[in-house]
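K.L.:
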Amino acid sequence: MIRESWLKILHRIDQMNLRERILLLITLAAVIYYLGQNLFLAPMSRSLTARENAITASAAHVRALGQAARKLAQATSAHPNQNMRREIARIRLKTRAVDQALERKTTGLVNPSAMPSLLEAVLAEQHGLVLLRAENLPPRALLQDPRAIRSGINLFSHPLKIEFTGSFASTFNYLLALNRLPWHFYWDRFDLKVLHYPDNRTILIVHTLSLNRALLRS
């Protein structure tokens, strides 16, 4: 039944003149772009931005606690004091607790080094999609405070840009498949450009988070 309906649609498209096909392509492109923005990027951006803010705040907390512990350690070495030693022990204990909480918040995020192969593997499962390129973009430190940079404790955004061609249906199925993955990442950009019927070119930029600037192999 579905196959027959699909064949009827294709037959109707074949009967269209060039102008009608161009108008249909423009309409389909607008629909795919709207769905990509409103069904994927916007909802996921709202929920994941809150999570990213919480992770960033935890990283800043770890940095602040580490700085406080170092200052107290320096003061204690110059003027030994039992109260200071207890305070250092308390801060270090709290730092470990916050650090563990930070690790829990980043659990489920895809490893930056694994993200390219993951997105490429999902794309390869979609009939009709052709990968043009997938590249890791430069990482970005989320804590811009100079003290955070000096301390070496920071949170890094690792973006990935993937570009591919294919039909509207295959592109939409790819976005659905990415949305169903058990691993999480943040959606940044979705651009779709119509080529020759029925293909289009899509650029997708996503990012994940890590406490390391380098791409560590999992």
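Take any residue in the sequence shown, note its place counting from 1, add 1156, and you have its number in the numbering used here. We treat Cβ as the ideally placed atom computed from N, Cα and C, and that holds for glycine. All figures in this text were calculated on a predicted structure; none of them were measured in a lab.
On the three-state DSSP scale, how would you describe F1328?
P.N.:
Helix, per DSSP.
K.L.:
Taking the alpha-carbon positions, what's the Q1282 to F1328 distance?
P.N.:
Q1282 and F1328: Cα-Cα distance of roughly 10 Å.
K.L.:
Assuming P1272 is part of the beta strand (DSSP E), what are its boundary residues?
P.N.:
No beta strand (DSSP E) holds P1272; the alpha helix (DSSP H) holding it covers 1271-1280.
K.L.:
Taking only the alpha-carbon atoms, compute the straight-line gap between H1352 and T1321 and give it to the nearest angstrom.
P.N.:
Looking at the two C-alpha atoms, the distance is approximately 11 Å.
K.L.:
With C-beta atoms as the reference, is M1271 less than 9 Å away from L1311?
P.N.:
Taking 9 Å as the Cβ cut-off, M1271 and L1311 do not qualify as a contacting pair.
K.L.:
By alpha-carbon positions, which one of A1290, Y1342, I1361 ends up nearest to G1264?
P.N.:
The candidate whose alpha carbon is nearest that of G1264 is Y1342.
K.L.:
Check the DSSP bridge columns for A1290 and list the partner residues they point to.
P.N.:
Partner(s): I1318.
K.L.:
The beta strand (DSSP E) spanning V1350 covers which residue range?
P.N.:
Where V1350 is concerned, the enclosing beta strand (DSSP E) stretches over 1342-1350.
K.L.:
Using the Cα positions of A1290 and E1319, report the straight-line distance between them to the nearest angstrom.
P.N.:
Approximately 6 Å, taken between the alpha carbons.
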